[in-house]
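**Q** So for the sequence shown, this note's numbering puts the first residue at 196; every next one is plus one.
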Amino acid sequence: MILGYWEITDVMRVLCGIWFVPHIVGKATNYVKAAATFEAAGFRPGRFFVGGTIAMEVLACAGMVFNIFPKVSETLALIVLLGASYAIARINGFHWRWQKMGPEFPIFWATICLILLLA
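#1: When DSSP labels each residue in this structure, what does residue 242 get in the three-state scheme?
#2: Mind the definition here: the segment 249-265 touches the segment 205-219 only if three or more C-beta pairs lie below 8 Å; say whether that holds.
#3: Which of the three DSSP states is assigned to residue 301 in this structure?
#4: If contacts are defined as beta-carbon pairs under 8 Å, then residue 233 and residue 241 qualify, I think. What distance do you get, rounded to the angstrom?
#5: At which residues does the alpha helix (DSSP H) containing residue 295 begin and terminate?
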């Protein structure tokens, strides 16, 4: 990225990083409920996985927004989002519609992160 000039991949990387903020805050402020959700998806112990996920999301967010080790950050984001997609499908079944709590949003987000990783 050149100062004053942004390529589309820069914009997408920053947006994908910023989108982690509400997820980080949601898990951090509802740690026990998040742990129960992780356990329901088969990630045990739930508290350990919530802490690890928050850490990975913070690193991915900071790296993607501020362009710090972007490939590492995009890889972390991809891992988290594929895990979230699996968890949603495991808990709710594989429904490809948001009305039925499907995994289409994290899969789309993960796809963008994969494209950024390969760019």
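Yeah, the Cβ is synthetic: ideal placement off N, Cα and C, and Gly gets one too.
**A** On the basis of the data shown:
#1: Three-state result, residue 242: helix.
#2: yes
#3: helix
#4: 4 Å
#5: Premise fails: residue 295 is in no alpha helix (DSSP H) and is neither H nor E.
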